[in-house]
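Structure, as structure tokens:
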Amino acid sequence: MMNPLRKIDRRHTKGGGAESERAQMYPHPVTTPKHTVDQVGLCKTCRHATAITNVSGSIFYRCSLSESDPRFCKYPSLPVIRCTGYEPKTS
Ligand code: SF4
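Take the sequence shown: its letter number 36 is residue 575 in this note's numbering, and every next letter is one higher.
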């Protein structure tokens, strides 16, 4: 059975090299408006994440830890499965 999370990662792993570098440079949108925890991963429920919707309806997750810690990407590649900075939102 195919892992549904691989559908999102596949375009970033194809080609490697320059393609992989470009994938690191640009934000990775969640293209479906009804994004789920499975598509986004930990950022969906992390207090450091801010969801940003662009004019075409794509949703990006910006990590505020990237402003003070270079280990974190401003726009992490989704889904984020493991993250040392993850802290759940408190409601
Ligand atoms: S700390 Fe990790 S889980 Fe939280 S927003 Fe940043 S990348 Fe996502």
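By construction, the Cβ of each residue, glycine as well, lies at the ideal position given by its N, Cα and C atoms.
By the CB criterion at 7 Å, V594 and P618 fall outside the cutoff. The beta carbons of T592 and I598 sit closer together than 7 Å.
Inclusion of R586 and E626 in the CB contact set at 7 Å is warranted, their separation being smaller than that value.
By the 16-neighbour rule on beta-carbons within 10 angstroms, P609 is exposed. Within the same chain, V619, C622 and Y625 come within 6 Å of L581 by CB-CB distance, once the 5 residues on both sides are set aside.
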